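Visitor: A single structure is presented below for examination.
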Amino acid sequence: MTDTVSVSMQFDLQETGRMVTVRFMTTKRLLVAFATDGHYLLQDQLAVAAAASNAWNTEQLNPMLSVWDVRGPRPCLAGVCDLPLTCRMTQTDFDALASDWVERARQMFTRCHQVFKL
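Note that the numbering used here has the sequence shown beginning at 14, numbered continuously upward.
Here is the structure:
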């Protein structure tokens, strides 16, 4: 059994009228940032969500967006970034990295809402 610690933060996605939650947690080897806008997908949205995920990941050249059904009652869109716990960086560098993750989540969920109507 692995101890998991998490810290969550929310930010307003003004472009869509939704809130995005970013949860930072640790696994045995990784720091993981998991982002979701709290919107559950309907069955008829799964193919569009998969296409949106594929388009985003291809354009960004850094996979982040996926269709998830993690411990929840229904699938949702989720963004995931990770960093090895053995990585060493300054607080300033980590702050910049975390800010980048949040900004990419903001752009990703705005696009999914505005372009793909998810």
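Ideal Cβ positions, reconstructed from N, Cα and C, are used throughout, including at glycine. Computed from a predicted structure; not experimentally measured.
In angstroms with no decimal places, state the Cα-to-Cα distance between Ser21 and Thr29.
Guide: The count along the sequence shown starts at 1 and reaches residue 21 at position 8. The count along the sequence shown starts at 1 and reaches residue 29 at position 16. Those two C-alpha atoms are separated by around 20 Å.
Visitor: Candidates Leu43, Ser66 and Gln104: which alpha carbon is nearest Leu96's?
Guide: Within the sequence shown, residue 96 is the residue found at index 83, counting from 1. The shortest Cα separation from Leu96 among Leu43, Ser66 and Gln104 belongs to Leu43.
Visitor: Taking all protein chains shown into account, decide if Thr105 is buried (16 or more other Cβ within 10 angstroms of its Cβ) or exposed.
Guide: Residue numbering aside, residue 105 sits at position 92 when the sequence shown is read from its first letter. Thr105 comes out exposed.
Visitor: Report the three-state DSSP secondary structure of Thr71 (helix, strand or coil).
Guide: What you label residue 71 is simply residue 58 of the sequence shown in a count that begins at 1. The answer is helix: DSSP assigns Thr71 an H, G or I state.
Visitor: Please determine if the segment 31 to 51 and the segment 59 to 67 are in contact, where contact requires at least 3 C-beta pairs separated by less than 8 Å.
Guide: Result no; under three Cβ-Cβ pairs closer than 8 Å.
Visitor: If contacts are defined as beta-carbon pairs under 8 Å, then Gly51 and Met77 qualify, I think. What distance do you get, rounded to the angstrom?
Guide: Taking the sequence shown and counting its residues from 1, the one referred to as residue 51 is at position 38. Taking the sequence shown and counting its residues from 1, the one referred to as residue 77 is at position 64. Not a contact, Cβ separation roughly 18 Å.
Visitor: Helix, strand or coil, according to DSSP, for Thr15 in the structure here?
Guide: If you number the sequence shown from 1, residue 15 lands on position 2. Low local confidence applies: a pLDDT of 45 at Thr15 is under 50, so the model's placement there is unreliable, and no value is given.
Visitor: Given a threshold of 16 other Cβ atoms within 10 Å of its Cβ, counted over all protein chains shown, does Asp16 qualify as buried or as exposed?
Guide: On the sequence shown, residue 16 is found 3 positions in, with the first residue counted as 1. The predicted model places Asp16 with a pLDDT of 49, which falls under 50 and marks its position as unreliable, so this point remains unresolved.
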